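K.L.:
Residue numbers (our numbering), protein chains in the order written: chain A, 100 to 211; chain B, 341 to 776. Here a beta-carbon is modelled for each residue, glycine too, at the ideal position from N, C-alpha and C. Fair warning: this is a prediction, and the values are worked out from it, not measured in the lab.
(1) For the stretch 196-208 of chain A and the stretch 133-145 of chain A, state whether three or more C-beta atom pairs, one from each stretch, are separated by less than 8 angstroms.
(2) Report the neighbours of residue 143(A) on chain B: residues whose CB is nearer than 8 angstroms to its CB, in chain order.
(3) With a Cβ-Cβ cutoff of 8 angstroms, do residue 471(B) and residue 565(B) count as a contact?
(4) At a Cβ threshold of 8 angstroms, is residue 147(A) touching chain B?
(5) Let's test the definition: count the other Cβ atoms within 10 Å of the Cβ of residue 462(B) and tell me whether it reaches 16, buried, or not, exposed.
(6) Alpha carbon to alpha carbon, what distance is there between residue 484(B) and residue 753(B)?
(7) Does residue 106(A) come out as helix, strand or coil in the three-state DSSP assignment?
(8) If you measure beta-carbon to beta-carbon, which residues of the stretch 738-760 of chain B are closer than 8 angstroms to chain A?
(9) If we call anything under 8 angstroms between Cβ atoms a contact, is residue 454(B) one with residue 368(B)?
(10) Go to residue 211(A), then tell me how far its beta strand (DSSP E) extends in each direction, as first and last residue.
(11) Residue ranges of each beta strand (DSSP E) run of no fewer than 3 residues wholly in the stretch 122-194 of chain A, ordered along the chain?
(12) Do residue 635(B) and residue 691(B) have their CB atoms nearer than 8 angstroms?
(13) Closest to residue 339(B) by C-alpha separation, out of 724(B), 392(B), 525(B), would be which residue?
(14) Along chain A, in chain order, which residues have C-beta atoms closer than 7 angstroms to that of residue 281(B)?
(15) Report the rounded CA-to-CA distance for residue 514(B) versus residue 506(B), giving the unit in angstroms.
(16) Given that a residue counts as buried once 16 or more other Cβ atoms are within 10 Å of its Cβ, and exposed if not, what is residue 366(B)?
(17) Under 9 angstroms between beta-carbons, which chain A residues line up against residue 668(B)? List them in chain order, please.
(18) Going by C-alpha to C-alpha distance, which of 645(B), 377(B), 407(B), 378(B) sits closest to residue 670(B)?
(19) For the stretch 648-663 of chain B, list every residue whose C-beta sits within 9 angstroms of some C-beta in chain A, in sequence order.
(20) Spell out the partners DSSP gives residue 199(A) in its beta bridges.
(21) Would a C-beta distance cut-off of 8 angstroms place residue 409(B) and residue 766(B) closer than the cut-off?
(22) Which residues in chain A sit within 7 angstroms of residue 613(B), going by Cβ to Cβ distance?
(23) Can the beta-carbon of residue 383(B) be found closer than 8 angstroms to that of residue 570(B)?
(24) Using CA coordinates, which residue listed in 180(A), 161(A), 100(A) is at the minimum distance from residue 109(A)?
(25) Give the straight-line distance between the Cα atoms of residue 531(B) and residue 678(B), rounded to the nearest whole angstrom.
(26) So for residue 530(B), helix, strand or coil by DSSP?
(27) Less than 8 angstroms between CB atoms is the rule here; does residue 623(B) satisfy it with respect to chain A?
(28) Using beta carbons (cut-off 8 angstroms, strictly below), is residue 106(A) in contact with chain B?
(29) So what's residue 700(B) in DSSP terms, helix, strand or just coil?
(30) Which bits of chain A does residue 672(B) rub up against, with CB to CB less than 8 angstroms?
(31) Note down, in chain order, every chain A residue with its Cβ under 8 angstroms from the Cβ of residue 721(B).
(32) Report yes if the C-beta distance between residue 632(B) and residue 693(B) is below 8 angstroms; otherwise report no.
(33) Between the stretch 150-169 of chain A and chain B, which residues of the former have CB atoms less than 8 angstroms from a CB of the latter, in chain order?
(34) Do residue 178(A) and residue 118(A) have their C-beta atoms within less than 8 angstroms of each other?
(35) Just to confirm, are residue 630(B) and residue 574(B) a CB contact at a threshold of 8 angstroms?
(36) Can you tell me which of 371(B), 673(B), 504(B) puts its alpha carbon nearest to the alpha carbon of residue 733(B)?
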């Protein structure tokens, strides 16, 4: 099992959600996040004074999938979250050692 | 019978009683006048919450409740102080510098002989007394101990607001011939210079000016701005203390000057910084309201347009002075209230139009501005009144702050400054969202 974690632009959340549903993903965890990458922050101006806002609002998506589905899921996220402009975000994949569905006690791929 | 010195410009229709060598002594109000003054008093009462939301939105999310409480505190402590001793010291008697104790605890203020005019006036002016120290809270944001503020507010009202109010409305500045319709000198210049004095003792916030302190909620600040503007109609038009033509003109001036100043500030920002901003609009509106306050019942026609526009432009640049001179006036009380108040008060010397309001409404002294055929005397007196206020208010505020600092400390610890005053000073937090 793998966990696919994606940092995306907040306004792309709906597109990514639909794309993931389209490739058969049945559960997503979404967190509002802040951070910066190559995009850096942005500036805001209040009463003529510029403020550097270093941490930009982003959305963090987490999806646990069975190994054979990983590439499809990653491709779906990348295709649906891309605008081609700086700040589109990142996707990474990590290994998951164990997983349990709390209601039933199912374990492993059955619990995904 | 008590003597009312708040305004020298009451309408003659009520037959003011003139005592030789003294000012008006009647406080009688007809029913219509009384209704307007009572409504105006409620409008001014609403301004302090409006100011709280305006400042609260501009403040940081971890200190917003502290900011609201500093303002609401003024609505708790000042009315009590005002009816117990403040009003009497601020208005009673013929003293040039301070009133007397004749009306302590509202003593001698009935409702039968004057239809409630006197008690309505005491309440109306009490609202002004409450909001004036609240104005200072914007400067000391993010770092002042609440218990120090809790003492500062009433001490400042008693030692600074009350005497200056007396000077301007019935004391020596009044006698010299300066005018202040609804509190440009007595309230905004007074609170503005006090803000500067207070932060000079309090010191800069950690990280200022390097670290940014952008507003945490512009929507809250815009709501506050709307409430302030709404309430300001009572502040200015109510200061006619009558439902008459002067009140109507003051109402129009309040409307027009705020719009002109907001527009001016926005245009400056568009040219200078590239965008029209909400905060520019809000700051301009407030600057215009401040500037028209002293002039509201003395100017007409396009006078308020000029005063508003001048204040909008002047204040949009004045807010940059704090970084240049290194005083941490957190929410620009100096740049908006001090500078805006000065602009409006001094421009009376150019734009006052006595003939428009009827000669008898302006007391014994000349009240024609330079642009309306007046001499420079009025302008000079406006300058004198503001200088006197600046020197007195600045010095006494310094003393209050230095004493508070020595006795109890005025500043929160570095840790509290970093983690937020809401939790540390009030055991409350404004927002519970874990991602906030």
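P.N.:
Straight from the coordinates:
(1) no
(2) 554
(3) no
(4) yes
(5) buried
(6) 9 angstroms
(7) strand
(8) none
(9) yes
(10) No beta strand (DSSP E) contains residue 211(A), which DSSP labels as neither H nor E.
(11) 128-134, 141-145, 148-152, 155-164, 188-194
(12) yes
(13) The structure shown does not extend to residue 339(B), since chain B is modelled only from 341 to 776, so the question has no answer here.
(14) The structure shown has nothing for residue 281(B), since chain B only spans 341 to 776.
(15) 9 angstroms
(16) Caution is warranted here: a pLDDT of 44 is assigned to residue 366(B), below 50, making its placement in the model unreliable, and the coordinate value is therefore given only provisionally. That one is buried.
(17) Here the premise fails: no neighbours, minimum Cβ distance about 13 angstroms.
(18) 407(B)
(19) 656, 657, 659, 660, 663
(20) 206(A)
(21) yes
(22) 144, 147
(23) yes
(24) 180(A)
(25) 7 angstroms
(26) helix
(27) yes
(28) no
(29) At residue 700(B) the pLDDT is 48, less than 50, meaning the model places this residue with poor confidence and gives no usable figure here.
(30) 146
(31) Those within 8 angstroms of residue 721(B) in chain A number zero; the least Cβ separation is about 33 angstroms.
(32) no
(33) 150, 151, 152
(34) yes
(35) no
(36) 504(B)
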